[in-house]
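> Same order as they appear, the protein sequences are chains C, S, U and G. When we follow our numbering, the leftmost residue of the first sequence carries the number 251, and every step to the right adds one. When we follow our numbering, the leftmost residue of the second sequence carries the number 251, and every step to the right adds one. When we follow our numbering, the leftmost residue of the third sequence carries the number 21, and every step to the right adds one. When we follow our numbering, the leftmost residue of the fourth sequence carries the number 21, and every step to the right adds one. Sharing a structure with you now.
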Amino acid sequence: MAEKKKQTVLMQGPIPASFIANSIAKHSSKTNIGAHSIFLGQVRTDVVENKTVLAIEYSAYAEMAEEKFYHIRESAFKKYDLICMHIYHSVGVVKAGEMSLFVFVSSAHRAAAFEACREIVEQIKKEVPVWGKEMFEDETHVWKTNT
Amino acid sequence: MAEKKKQTVLMQGPIPASFIANSIAKHSSKTNIGAHSIFLGQVRTDVVENKTVLAIEYSAYAEMAEEKFYHIRESAFKKYDLICMHIYHSVGVVKAGEMSLFVFVSSAHRAAAFEACREIVEQIKKEVPVWGKEMFEDETHVWKTNT
Amino acid sequence: MAIEVLLFGQLSEITGADKLTVTKASSTVELVQVLHKQFPNLALANYKLAVNKVLTEGNTVLKDADVVALLPPFSGG
Amino acid sequence: MAIEVLLFGQLSEITGADKLTVTKASSTVELVQVLHKQFPNLALANYKLAVNKVLTEGNTVLKDADVVALLPPFSGG
Numbered sequence: 251m252a253e254k255k256k257q258t259v260l261m262q263g264p265i266p267a268s269f270i271a272n273s274i275a276k277h278s279s280k281t282n283i284g285a286h287s288i289f290l291g292q293v294r295t296d297v298v299e300n301k302t303v304l305a306i307e308y309s310a311y312a313e314m315a316e317e318k319f320y321h322i323r324e325s326a327f328k329k330y331d332l333i334c335m336h337i338y339h340s341v342g343v344v345k346a347g348e349m350s351l352f353v354f355v356s357s358a359h360r361a362a363a364f365e366a367c368r369e370i371v372e373q374i375k376k377e378v379p380v381w382g383k384e385m386f387e388d389e390t391h392v393w394k395t396n397t
Numbered sequence: 251m252a253e254k255k256k257q258t259v260l261m262q263g264p265i266p267a268s269f270i271a272n273s274i275a276k277h278s279s280k281t282n283i284g285a286h287s288i289f290l291g292q293v294r295t296d297v298v299e300n301k302t303v304l305a306i307e308y309s310a311y312a313e314m315a316e317e318k319f320y321h322i323r324e325s326a327f328k329k330y331d332l333i334c335m336h337i338y339h340s341v342g343v344v345k346a347g348e349m350s351l352f353v354f355v356s357s358a359h360r361a362a363a364f365e366a367c368r369e370i371v372e373q374i375k376k377e378v379p380v381w382g383k384e385m386f387e388d389e390t391h392v393w394k395t396n397t
Numbered sequence: 021m022a023i024e025v026l027l028f029g030q031l032s033e034i035t036g037a038d039k040l041t042v043t044k045a046s047s048t049v050e051l052v053q054v055l056h057k058q059f060p061n062l063a064l065a066n067y068k069l070a071v072n073k074v075l076t077e078g079n080t081v082l083k084d085a086d087v088v089a090l091l092p093p094f095s096g097g
Numbered sequence: 021m022a023i024e025v026l027l028f029g030q031l032s033e034i035t036g037a038d039k040l041t042v043t044k045a046s047s048t049v050e051l052v053q054v055l056h057k058q059f060p061n062l063a064l065a066n067y068k069l070a071v072n073k074v075l076t077e078g079n080t081v082l083k084d085a086d087v088v089a090l091l092p093p094f095s096g097g
């Protein structure tokens with residue numbers, strides 16, 4: 251249950267592929283794991299009113315966000331038979347093609363990992379006080395809305 | 251649609267974390283992607299009749315397996331709005347804690363990536379002629395059964 | 021009495037501030053009235069309130085040193 | 021006439037072979053009879069047949085150079 255300790259989810263800047271690889275590699279000693287479900291959110295070059303998004307600048311109500319992330323973790327551990335879970339979300343500028351969200355759920359069998367991962371991502375989008383400012387090439391911006 | 255070209259899915263030995271990281275990093279130029287859903291199958295130290303599994307040796311009817319993998323890919327591209335997809339499955343010995351299956355599905359929005367990834371994993375377990383021989387510390391073995 | 025008000029996202033742009041102190045507000049309804057008077061465009065914005073990091077609906081009594089956050093629709097991920 | 025027979029997983033262990041050639045079998049039913057006679061333990065095993073990489077059910081006519089695979093329950097992943 252050491253996995254359930256309070257972690258800091260928010261991290262400055264994009265989430266590098268090497269960071270994800272290190273997270274995966276660390277799990278090779280946990281040989282009770284049979285299934286990992288990973289979600290990665292990547293910034294898209296969306297076109298809004300004929301202008302292309304170059305980057306998203308994320309801001310957060312950090313203290314409340316960390317509490318929400320903690321609550322989401324706890325709920326998932328209660329509901330699903332999980333071995334471990336890691337969540338990382340960027341704050342600051344994340345360019346198109348870079349990663350802003352990394353949800354990593356591990357369990358003995360695949361059903362729990364799949365279902366928990368999806369539920370966690372939906373909860374993050376809905377419940378966590380984070381905002382994305384979509385920045386265009388002409389230095390204007392709009393505020394992202396989640397669907 | 252270049253992504254739909256026939257790929258070789260079966261690879262010799264375990265799938266390293268660095269290989270997964272490279273796959274992820276390659277997608278940063280595809281800025282129409284918003285969501286990646288990744289499944290990793292890891293070999294567990296299951297206990298069968300009081301003996302601990304140290305490794306699984308995978309064998310396959312390679313020609314038929316590659317055709318099945320291709321069909322699974324094609325079906326998923328038809329059914330879901332996906333940008334790209336990669337599937338890798340080990341043959342040969344994969345030790346406990348190492349990875350034997352890597353399914354990587356990318357789309358603009360998360361629903362398609364999540365749903366396709368899960369469906370693909372279920373189809374692989376059910377439809378692809380691959381067999382796992384669970385090897386114990388005393389050099390005996392049993393044949394794995396999928397649930 | 022001092023209520024700390026935090027403003028996020030587009031609400032910081034509307035008000036030109038990410039933090040304010042309001043001294044005369046004994047409830048969230050009163051606080052919102054004060055803020056809308058000071059920043060009329062805020063009344064047009066879509067937001068929720070959190071008192072001490074907990075989302076509130078309806079009217080909530082405020083006490084000295086409470087922290088009230090104005091939260092536009094979340095768009096993380 | 022020669023039918024190539026491929027054996028996988030536990031079926032290779034039962035038969036001691038992963039490839040066989042059967043010369044007298046005009047259908048999958050006949051082929052299975054020949055194999056079960058040669059390897060009685062095979063009759064106790066659970067498997068499906070694929071003719072030229074396509075799963076078959078029921079009886080299927082075989083022609084020269086067909087490849088018939090005996091597939092125990094899949095356990096990939």
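For every residue, glycine included, the Cβ atom is placed at its ideal position computed from N, Cα and C.
What residues of chain C sit near U/F94, judged by a beta carbon separation below 8 Å?
Position 74 of the third sequence, counting from 1, holds the residue named residue 94 of chain U. Within chain C, the residues near U/F94 are K375, K376, E377, V378, P379, V380, W381, N396.
> State the start and end residues of the unbroken alpha helix (DSSP H) segment that holds C/F319.
Translated into positions along the first sequence, residue 319 of chain C becomes position 69. First-last of the alpha helix (DSSP H) with C/F319: 312–329.
> State the beta-bridge partners of S/G382 as determined by DSSP.
For the purposes of this step, residue 382 of chain S is identified with residue 132 of the second sequence, where counting begins at 1. According to DSSP, which records beta bridges pairwise, S/G382 is partnered with S/Y308.
> Using a C-beta to C-beta distance shorter than 9 Å, which residues of chain U count as neighbours of C/Y330?
Locating residue 330 of chain C in the first sequence gives position 80, where the first residue counts as 1. Residues of chain U passing the Cβ test: none, with the nearest at roughly 20 Å.
> To the nearest angstrom, how far is it from the Cα of C/G284 to the Cα of C/R360?
Your numbering for residue 284 of chain C matches position 34 in the first sequence. Your numbering for residue 360 of chain C matches position 110 in the first sequence. Whole-angstrom Cα-Cα distance: 7 Å.
> Can you grab the Cα-Cα spacing for the pair C/K254 / C/C334, in whole Å?
Here the question's residue 254 of chain C lines up with position 4 in the first sequence. Here the question's residue 334 of chain C lines up with position 84 in the first sequence. Residue placement at C/K254 is poorly supported in this model, since its pLDDT is 48, which falls under 50; the coordinates still yield a value, given next. The alpha-carbon atoms of C/K254 and C/C334 are separated by roughly 8 Å.
> Strictly under 7 Å for the Cβ-Cβ distance: is C/L425 near chain U by that measure?
For chain C, the structure presents residues 251 to 397; residue 425 of chain C sits outside this window and is missing.
> Could you compute how far the alpha carbon of G/F59 sits from the alpha carbon of G/T35?
Locating residue 59 of chain G in the fourth sequence gives position 39, where the first residue counts as 1. Locating residue 35 of chain G in the fourth sequence gives position 15, where the first residue counts as 1. So the two alpha carbons sit approximately 6 Å from each other.
> According to DSSP, is U/L62 part of a helix, a strand, or is it coil?
Mapped onto the third sequence, residue 62 of chain U falls at position 42. DSSP places U/L62 in helix when its eight states are reduced to three.
> Go through the stretch 266–311 of chain S residue by residue and report every complete run of the alpha helix (DSSP H) that reaches 4 residues or more, in order.
Counting whole runs of 4 or more residues, the stretch 266–311 of chain S contains the alpha helix (DSSP H) stretches 267–275.
> Taking 7 Å as the threshold (beta carbon to beta carbon), is G/F59 in contact with chain S?
Locating residue 59 of chain G in the fourth sequence gives position 39, where the first residue counts as 1. Answer no: the Cβ-Cβ gap between G/F59 and chain S never drops below 7 Å.
> Express the C-alpha separation of C/I370 and C/I337 in angstroms, rounding to a whole number.
Working through the first sequence from its first residue, we reach residue 337 of chain C at position 87. Working through the first sequence from its first residue, we reach residue 370 of chain C at position 120. Answer to the nearest angstrom: the Cα atoms are 9 Å apart.
> For S/Q262, write down the residues that DSSP places opposite it in a beta bridge.
In the second sequence, residue 262 of chain S corresponds to position 12, counting from 1. Paired residue(s): S/V341.
> Per DSSP, U/A89 is paired with what?
Within the third sequence, numbered from 1, the residue matching residue 89 of chain U stands at position 69. According to DSSP, U/A89 bridges with U/L26, U/A70.
> Are G/K44 and G/L26 closer than 7 Å when you measure CB to CB?
The sequence position of residue 44 of chain G within the fourth sequence is 24, counting from 1. The sequence position of residue 26 of chain G within the fourth sequence is 6, counting from 1. Not closer than 7 Å, so no.
> Is U/T80 near U/T41, with beta carbons less than 7 Å apart?
Reading the third sequence from its first residue, position 60 is the one you call residue 80 of chain U. Reading the third sequence from its first residue, position 21 is the one you call residue 41 of chain U. Not a contact, by the Cβ cut-off of 7 Å.
> In the DSSP assignment, find the unbroken alpha helix (DSSP H) run with S/F364 in it and report its ends.
Against the second sequence, residue 364 of chain S aligns to sequence position 114. Counting along the chain, the alpha helix (DSSP H) containing S/F364 begins and ends at 360–377.
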